[in-house]
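Peer 1: First the structure, then my questions, so here it is.
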Amino acid sequence: MRHTDHMGYYPRQERLGSGLMDQVLTRVAATDFSVYTSRDVRAALSHRTRTIDDFAALLSPAAAPLLEDLAVAARRATWEHFGTSIQLFTPLYIANYCANLCTYCGFAADNRIQRMRLSPEGIDAELRAIADAGFEEILILTGESPKFSDTDYIADAVRRASALFRTVGVEIQPVNTDEYRTLHEAGADTVCVYQETYNPVAYDPLHPGGRKRSFPYRFESHERALRGGMRGVGFGALLGLDDWHADALATGLHAALVQKAYPAAEISLSCPRLRPTVADATVNPQDVHERQLLQILCAYRLFLPYAAITVSTRERAGFRDNVIGVVATKVSAGVSTGVGAHAEGLASGDEQFEIADGRSLPEVCAAIRARGLQPVMNEHVLV
Amino acid sequence: MSDTFTLGGHEFSSRFILGSGKYNLDLIRAAVHQAGAQMITLALRRATAGTENILDHIPEHVTLLPNTSGARTADEAVHIARLARELGCGDFVKVEVIRDAKYLLPDNQETLRATETLAAEGFIVLPYMHPDLTVARDLVAAGAAAVMPLAAPIGSNRGLAAKEFIQILIDEIDVPVIVDAGIGRPSQACEAMELGATAIMANTAIATASDVPAMARAFRLAIEAGRAGYLAGPGRVLDRGGEASSPLTGFLDDDPLDGAGLDGAGLDGVAR
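First to last, the sequence lines map onto chains V and C. Just add 34 to wherever you are in the first sequence, counting from 1, and you've got the working numbering. Just add 1250 to wherever you are in the second sequence, counting from 1, and you've got the working numbering.
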C-alpha cells in the first residue's frame, strides 16, 4: 500500500492519541518570535521558573544581543542542578542499513554507501573495545531498517552491552510500546528519538519515503518508550533543516509536556546540527552558527534546568570545551559514526556524517578537568 | 561534656553530613577537613566512576552512607541497598525513592515499603522523606534509625520551607531527625539546629559556593552554634508588645493584710 500522508500512520504503527502533538504544533504555530523585546528577555531571565512564553523570548531575535546574560544565567542553573558532573558516553553504530529516504542523511536508502551490520561476534568485539577504553555508558545506534535491524537484533545487542556497561541507551527506528518493553527488559534504559524538524510542512519533502515519513508516529515515540518502561528519553531537532527558532521551541515544549505527563521520566536534550555526509559534502547547518547554537542551548537550560543536555562530536572541540559546565552536562568521546570502527580487524561500513571532534576519552576527560569539572562515567545502576 | 548522637549503635560527634551528589572532589576534601564531616552519602551510581572513583577520596574514618538514588520503587531501592552492602559499603543506607524527575521529591509510600524490608534485613535505614508525621511514625515503627525530612527541594538552597512540619517531627519523633535537602545557607542550618534537629545534611549549598572550603567551615560553625543554642534553651519570643521584667503579681507582696507577706515568705514558696 502506498503511503503518502505524512501526518497519518502506517499499518501496525501504534497510535497513542495523547494530544501532546497537537498542543506542541498549535503553540508553535501561534508564536511570532518578532514580537519579543529585550525587556521580555530580561523578564524571562529574572523569573524563578520559566513559562513557554519566557522560553520563546529567550529563543527570539531579541535575546541574541543578550547572549552573555543568557550564558551567565544558564551556567548558574547548570551548576545548581548538576554541580561539576559531566557525563561521558560513546555511541556504537551496529548497522547502517536504512529503509528511509531522508534527503539530508548519509544512511538514506538511496545513497550508495558501504552497508553492513555487525554480527553478534562483531558486536561483542566492538563492545569490548569500547569498554576497555573505560566507558560505562553506551548508546547503540542503527539505521532505520526494520529488516536488517529489527527489534530482536537490537535487543540481542542490548543484552550483550548490558553485560559490560552500566547504562545502555538506544537510538533506533521508532517502535511500538511492546517492542520498547522488549528492549528495556533486555537492558536498555534510555531512548533517543529526534523529530528532525517539528514543522510538518517542512517534514513532508524531507522524508519522501519509508516509515519515518509518519510524523505523528515519530512524535509519539518518547511516550511509547516510557510506557514500555524506559527510564529516560532524549529529544532533539536537527538544526538547520527548518527555522531553528520554531524547532527549538517545539523541542523544549515537547520535552516539557512529556515530563509533565510522565513525572518520573528523565529528560535529555540534544542539539545536533546538520553535518556533511558521505553522500553529500555540501550539507551544512545553514543559519545555525555557533552563536545561534549557544542561544538555543542556553534557552533549553533556562527552560528545563533539570534536563541533561548533550553536545555531540558534531561540534568542534573548542565549542564543546566551552559549553561544558555552562549548559552541557553530557558529552561523547572516542566517537565513530561508522559501523565496526572500534575493534581491530572488523570490516567497516560508511559513516552517517562527519564528526568534528575526534578526541579520545582521556583527551576529553583532560579537557573537562581543565575546566574544574569532573568527568563521570556512569549515572545509574540498572535495576 | 560530650554531645554525640547515635545511629544504629554508631556514635557521631559531627552533626554535619555531606551529600556527595554534586560529585566534587574538592567538596569532599573541604567537608572532611573544614566541616569535620564524619558521614558522607554515596550515590551507588557514582561509587565507581571509571577514571574517578569517589571512594578513593573519602578517608577511612568517615562513615559511608550509600543512598538509593535512581530508585523509582521500593523494590529498586532494596536492590540498590543490597548491592551497596555487597560492594562493601557497610550496613548504612539512605533510602531515596523518587518518582519525580523534575523536583526530585520523595515518594513516602514507597520509601516506607523499602524501609520495612531493609530494616528487617539488618540495614541501618535512614529514609529521605516529606516531613509527614504519620509517615514518620510508620517509618520508626518499621525500624528506621532516623528520619531525614526535606527542608526544601533538593539542590534548591531555599532553606527551611518545611519548618513547621520539621518542628513537629522533632517534637514527636524519638529517633534522630536529620534535616536533608534544601538547606542553602549556614544561617538556615543554624536555625534548623536551634529547632532541635539532630544533624544537617547539605551538599549543593557548599558545592556551589564561591569558596568551597570557607563555606564548609561556615556550615560547621553554624551547626555548632545552632546546637549550642538549642541545648542552652532559647529565650521565649513574644508575639507582640513587651513584658515587664517585674512579675505581674509582685504587687501582692505589698498587701499589709496578707499574713504571708508579713512573715517574709511572700509568694516565693510558689513556683513562678
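Every residue, glycine too, gets a C-beta built ideally from N, C-alpha and C.
Mark Ser-1270/C as exposed unless 16 or more other C-beta atoms lie within 10 angstroms of its C-beta, in which case mark it buried.
Peer 2: Buried.
Peer 1: Return the Cβ separation of Val-1385/C and Val-1345/C in integer angstroms, given the expectation that the two are a contact with Cβ distance under 8 angstroms.
Peer 2: With 8 angstroms as the limit, Val-1385/C and Val-1345/C do not qualify as a contact, their Cβ atoms being about 12 angstroms apart.
Peer 1: Are the C-beta of Thr-1458/C and some C-beta of chain V separated by less than 7 angstroms?
Peer 2: Yes, Thr-1458/C counts as interfacial toward chain V.
Peer 1: Measuring alpha carbon to alpha carbon, tell me which of Ala-1321/C, Ser-1406/C, Asp-1382/C ends up nearest Asp-1421/C.
Peer 2: For Asp-1421/C, the nearest C-alpha among the options comes from Asp-1382/C.
Peer 1: What does DSSP give as the partner residues of His-1260/C in its beta bridges?
Peer 2: Bridge partners of His-1260/C: Leu-1257/C.
Peer 1: Just confirm the distance between the C-beta atoms of Gln-320/V and Ala-97/V, as a whole number of angstroms; I'd bet it's less than 8 angstroms.
Peer 2: Going by Cβ atoms, the distance from Gln-320/V to Ala-97/V rounds to 20 angstroms, so no, they are not a contact pair.
Peer 1: Can you tell me whether Asp-1306/C is helix, strand or coil according to DSSP?
Peer 2: If DSSP states are grouped into helix, strand and coil, Asp-1306/C belongs with the helices.
Peer 1: Of all the options Asn-130/V, Thr-71/V, Ala-77/V, which has the alpha carbon lying nearest to the alpha carbon of Ala-107/V?
Peer 2: Checking every option, the nearest Cα to that of Ala-107/V belongs to Ala-77/V.
Peer 1: In terms of residue numbering, what span does the beta strand (DSSP E) encompassing Ile-1416/C cover?
Peer 2: Ile-1416/C -> not in any beta strand (DSSP E); alpha helix (DSSP H) instead, spanning 1413-1422.
Peer 1: Against Asp-1350/C, what residues of chain V qualify as contacts under a CB-to-CB distance less than 8 angstroms, listed in chain order?
Peer 2: Within 8 angstroms Cβ-Cβ: Pro-297, Ala-298.
Peer 1: For Ala-1464/C, count the other beta carbons within 10 Å of its own beta carbon; 16 or more makes it buried, fewer makes it exposed. Which is it?
Peer 2: It counts as exposed.
Peer 1: At which residues does the alpha helix (DSSP H) containing Gly-1476/C begin and terminate?
Peer 2: That run of the alpha helix (DSSP H) goes 1462-1482.
Peer 1: Anyone know if the C-beta pair for Arg-151/V and Ala-129/V falls short of 7 angstroms?
Peer 2: Contact flag set, yes.
Peer 1: Would you say Arg-309/V and Gly-274/V are within 7 angstroms of each other, going by their C-beta atoms?
Peer 2: No.
Peer 1: Quick one: give me the first and last residue of the alpha helix (DSSP H) that Glu-205/V is part of.
Peer 2: Not the alpha helix (DSSP H): Glu-205/V falls in the beta strand (DSSP E), residues 201-205.
Peer 1: Whole angstroms are fine: how far does the CA of Val-227/V sit from the CA of Glu-300/V?
Peer 2: If you take the alpha carbons of Glu-300/V and Val-227/V, they lie about 14 angstroms apart.
Peer 1: Can you check whether the CB of Gln-1288/C is closer than 7 angstroms to the CB of Tyr-1467/C?
Peer 2: First, the residue type needs correcting, since residue 1467/C is Arg and not Tyr in the sequence shown. No, the pair does not count as a contact, with Cβ atoms beyond the cut-off.
Peer 1: Apply the 10 Å Cβ neighbour rule to His-464/V and answer buried if 16 or more other Cβ atoms are within range, or exposed otherwise.
Peer 2: Because residue 464/V is not part of the residues shown, which for chain V are 35 to 417, the question remains open.
Peer 1: At a Cβ cut of 7 angstroms, what residues of the segment 336-355 of chain V count as close to chain C, listed as they run along the chain?
Peer 2: So the close ones are Tyr-340.
Peer 1: Within the same chain, show all residues whose beta-carbon is closer than 7 angstroms to that of Arg-1470/C, passing over the 5 residues directly before and after it, in chain order.
Peer 2: Within the same chain, Arg-1470/C has close Cβ partners Phe-1266, Gln-1284, Ala-1285, Gly-1286.
Peer 1: Nearest chain C C-beta to Trp-278/V closer than 7 angstroms, yes or no?
Peer 2: It does not; no Cβ of chain C falls within 7 angstroms.
Peer 1: Any C-beta of chain V sitting closer than 7 angstroms to the C-beta of Gly-1405/C?
Peer 2: Yes, Gly-1405/C lies at the interface with chain V (some Cβ there is under 7 angstroms from its Cβ).
Peer 1: What is the rounded straight-line gap between the Cα of Asn-1407/C and the Cα of Ala-1455/C?
Peer 2: Approximately 6 angstroms between the Cα atoms of the pair.
Peer 1: Quick one: complete alpha helix (DSSP H) runs, 4+ long, within the segment 290-341 of chain V?
Peer 2: The segment 290-341 of chain V contains these whole alpha helix (DSSP H) runs: 324-337.
Peer 1: Consider the Cβ of Arg-1332/C: report whether some Cβ of chain A lies at a distance smaller than 7 angstroms.
Peer 2: Absent from the structure is chain A; the protein chains it does hold are V and C.
Peer 1: If we call anything under 7 angstroms between Cβ atoms a contact, is Ala-367/V one with Ala-159/V?
Peer 2: No, the Cβ-Cβ distance between Ala-367/V and Ala-159/V is not below 7 angstroms.
Peer 1: Under the rule that 16 or more other beta-carbon atoms within 10 Å means buried, what is Gln-1359/C, buried or exposed?
Peer 2: Result: exposed.
Peer 1: Assign Ile-147/V to one of three DSSP states: helix, strand, or coil.
Peer 2: Looking at Ile-147/V - three-state DSSP - the assignment turns out to be coil, as it is neither helix nor strand.
Peer 1: Could you check whether the Cβ of Arg-1322/C sits closer than 7 angstroms to any Cβ belonging to chain V?
Peer 2: So yes, Arg-1322/C belongs to the interface.
Peer 1: Please classify Met-41/V as buried or exposed, where buried requires at least 16 neighbouring CB atoms within 10 angstroms.
Peer 2: Answer is exposed; the Cβ neighbour count stays below 16.
Peer 1: Between the alpha carbons of Ala-1523/C and Gly-1446/C, how many angstroms are there, rounded?
Peer 2: Coverage of chain C is limited to positions 1251 through 1522, which leaves residue 1523/C absent and any answer about it impossible.
Peer 1: Using a Cβ-Cβ distance cut-off of 7 angstroms, determine whether Glu-432/V contacts chain C.
Peer 2: Outside the modelled stretch of chain V, which goes from 35 to 417, sits residue 432/V, for which no answer is possible.
Peer 1: Got a sec: which bits of the segment 104-129 of chain V sit with their beta carbon under 9 angstroms from any beta carbon on chain C, in order along the chain?
Peer 2: Going along the segment 104-129 of chain V in chain order, one finds Arg-110, Trp-113, Glu-114, His-115, Phe-116, Gly-117, Thr-118, Ser-119, Leu-122 with a Cβ nearer than 9 angstroms to chain C.
Peer 1: Should the segment 1426-1434 of chain C be called in touch with the segment 1324-1332 of chain C, which here means at least 3 C-beta pairs below 8 angstroms?
Peer 2: The segment 1426-1434 of chain C vs the segment 1324-1332 of chain C: no contact.
Peer 1: Beta carbons nearer than 7 angstroms to chain V: which residues of the segment 1426-1459 of chain C have them?
Peer 2: Answer in chain order: Thr-1454, Ala-1457, Thr-1458.
Peer 1: Are three or more beta carbon pairs between the segment 399-412 of chain V and the segment 105-123 of chain V nearer than 8 angstroms?
Peer 2: These segments touch.
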